[in-house]
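Q:
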Amino acid sequence: EGLVFIFLFFAISRLTYAPETQRDSLARLAADPEFRLGLFLVLSIPIVLFLRHWFGAFEVDEQENLRAALKALWGGAFTVLSFLTTTGFESADWEQARRWSGLGTPGLILMGLSVIGGGVATTAGGVKLLRVFALYMQGRQEMDRLVHPSSVGGIQKLDRIQGNGTLIAWVFFMLFALSIAVISLALSALGVSFDHAMVLCIATLSTTG
Numbered sequence: 248e249g250l251v252f253i254f255l256f257f258a259i260s261r262l263t264y265a266p267e268t269q270r271d272s273l274a275r276l277a278a279d280p281e282f283r284l285g286l287f288l289v290l291s292i293p294i295v296l297f298l299r300h301w302f303g304a305f306e307v308d309e310q311e312n313l314r315a316a317l318k319a320l321w322g323g324a325f326t327v328l329s330f331l332t333t334t335g336f337e338s339a340d341w342e343q344a345r346r347w348s349g350l351g352t353p354g355l356i357l358m359g360l361s362v363i364g365g366g367v368a369t370t371a372g373g374v375k376l377l378r379v380f381a382l383y384m385q386g387r388q389e390m391d392r393l394v395h396p397s398s399v400g401g402i403q404k405l406d407r408i409q410g411n412g413t414l415i416a417w418v419f420f421m422l423f424a425l426s427i428a429v430i431s432l433a434l435s436a437l438g439v440s441f442d443h444a445m446v447l448c449i450a451t452l453s454t455t456g
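In terms of our numbering, the sequence shown is residues 248 to 456.
(1) Going by the CB atoms, is the gap between R275 and G366 shorter than 8 Å?
(2) On the DSSP letters alone, give me the boundaries of the alpha helix (DSSP H) that Y383 sits inside.
(3) Determine the DSSP secondary structure at A248, reduced to helix, strand or coil.
(4) Under three-state DSSP, which class holds E337?
(5) Would you say L452 and S426 are within 8 Å of each other, going by their C-beta atoms?
(6) For A450, which of S398, G335, L317, D271 has the nearest alpha-carbon?
(7) If you draw a straight line from the alpha carbon of W341 to that of G364, how long is it in whole angstroms?
(8) Please report how far the alpha carbon of A416 lies from the alpha carbon of A424, in whole angstroms.
(9) Measure the alpha-carbon distance for S398 versus F419 and round it to whole angstroms.
(10) According to the Cβ coordinates, are L331 and V289 closer than 8 Å?
(11) So, V327 versus I292, is the Cβ gap smaller than 8 Å?
(12) Taking the alpha-carbon positions, what's the Y383 to A371 distance?
(13) Going by other Cβ atoms of all chains shown within 10 Å of its Cβ, with 16 needed for buried, is D406 buried or exposed?
(14) From the DSSP output, in three-state form, read off Y437 for me.
(15) How about E478 and S338: are their beta carbons less than 8 Å apart?
(16) Given a cut-off of 8 Å, decide if T352 and A243 are closer than it, judged by their beta-carbon atoms.
(17) Got a sec? Which residues, its chain only, sit under 6 Å from Y264 by beta carbon, not counting five neighbours each side?
(18) When the Cα of G285 is compared with those of I259, A277, S272, which residue comes out closest?
(19) Identify, in the order they occur along the chain, each residue of the same chain with its Cβ nearer than 6 Å to the Cβ of K375, setting aside the five sequence neighbours on each side.
(20) In the DSSP assignment, find the unbroken alpha helix (DSSP H) run with R261 in it and report its ends.
Below you can see the structure in the form of structure tokens.
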């Protein structure tokens, strides 16, 4: 699992394997918005899941079981990166977190990670991290305008987001969301339960294994 975990990082950003990384590769990778956003998700979400299970372990007096806690943390980190890259692998220790705390598996978080997807120009599916980052930057700019409507500031530019890139990202995201809604409703009309319809729909549209 450790070796697989390392290779999954190649699906976060194209700069992890592209020929352009031969010169100043580490600097370019550190400044890449996709890699930084993916790394943030891989670090933050497993910690949130771990704390959720850790508080749940108080009820079963298992919070001092260090080995079970480390397995739960590793299982969360591996599974989060796997679903973010739409690989779909599940850690052998993923189920350890449930046994440790007695809480259920947060499948909605995994489906959300599959919708986000990996980096552009990689084999990962989903909306792609760069589009999510573009929407985040646009949303932050709109919030700044609401707070300071008369302010004058510089224009933040991204090397890989040019022209109406934010509009294209928004249109793609809305088409993706509408496709999820329509297909899941169609599957539900055919007798598939709603949760199974959502899983099937997201797995197909994001090409999650």
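Cβ coordinates follow ideal geometry from the N, Cα and C atoms, glycine included.
A: So, to answer that:
(1) Walking along the sequence shown from the start, residue 366 turns up at place 119. Walking along the sequence shown from the start, residue 275 turns up at place 28. Contact flag unset, no.
(2) In the sequence shown, residue 383 corresponds to position 136, counting from 1. Where Y383 is concerned, the enclosing alpha helix (DSSP H) stretches over 376-394.
(3) The count along the sequence shown starts at 1 and reaches residue 248 at position 1. Here the sequence assigns Glu to residue 248, which means Ala is not the residue at that position. Of the three classes helix, strand and coil, the one that applies to E248 here is coil, per DSSP.
(4) As a first step, residue 337 is located in the sequence shown; it is residue number 90 there, counting from the start. Reduced to three states, the DSSP call for E337 is coil.
(5) Looking up residue 452 in the sequence shown gives position 205. Looking up residue 426 in the sequence shown gives position 179. Closer than 8 Å, so yes.
(6) Taking the first residue of the sequence shown as position 1, residue 450 is located at position 203. Nearest C-alpha to A450: G335.
(7) In the sequence shown, counting from the first residue as 1, residue 341 sits at position 94. In the sequence shown, counting from the first residue as 1, residue 364 sits at position 117. Cα to Cα, W341 sits roughly 20 Å from G364.
(8) Position 169 of the sequence shown, counted from the start, is the residue given in the question as residue 416. Position 177 of the sequence shown, counted from the start, is the residue given in the question as residue 424. Answer to the nearest angstrom: the Cα atoms are 12 Å apart.
(9) On the sequence shown, position 151 is the one that residue 398 refers to. On the sequence shown, position 172 is the one that residue 419 refers to. Whole-angstrom Cα-Cα distance: 30 Å.
(10) The residue you call residue 331 lines up with position 84 of the sequence shown. The residue you call residue 289 lines up with position 42 of the sequence shown. Contact: yes.
(11) Your numbering for residue 327 matches position 80 in the sequence shown. Your numbering for residue 292 matches position 45 in the sequence shown. Taking 8 Å as the Cβ cut-off, V327 and I292 qualify as a contacting pair.
(12) On the sequence shown, position 136 is the one that residue 383 refers to. On the sequence shown, position 124 is the one that residue 371 refers to. Spanning the two alpha carbons is a distance of roughly 20 Å.
(13) Here residue 406 refers to the residue found at position 159 of the sequence shown. Residue placement at D406 is flagged as unreliable, the pLDDT there being 47, under the threshold of 50; a coordinate-derived value is accordingly withheld.
(14) The count along the sequence shown starts at 1 and reaches residue 437 at position 190. In the sequence on display, residue 437 carries Leu and not Tyr. Coil.
(15) Residue 478 lies beyond the stretch modelled for the chain, which goes from 248 to 456, so this question has no answer here.
(16) What is shown of the chain runs 248 to 456, which leaves residue 243 out entirely.
(17) Residue numbering aside, residue 264 sits at position 17 when the sequence shown is read from its first letter. So the list reads F257, once near-sequence residues are dropped.
(18) Here residue 285 is taken as the residue at index 38 of the sequence shown, counted from 1. Measuring from the Cα of G285, the nearest candidate turns out to be I259.
(19) Translated into the one-based positions of the sequence shown, residue 375 becomes position 128. So the list reads G364, V367, once near-sequence residues are dropped.
(20) On the sequence shown, residue 261 is found 14 positions in, with the first residue counted as 1. Run containing R261: none; DSSP gives neither H nor E here.
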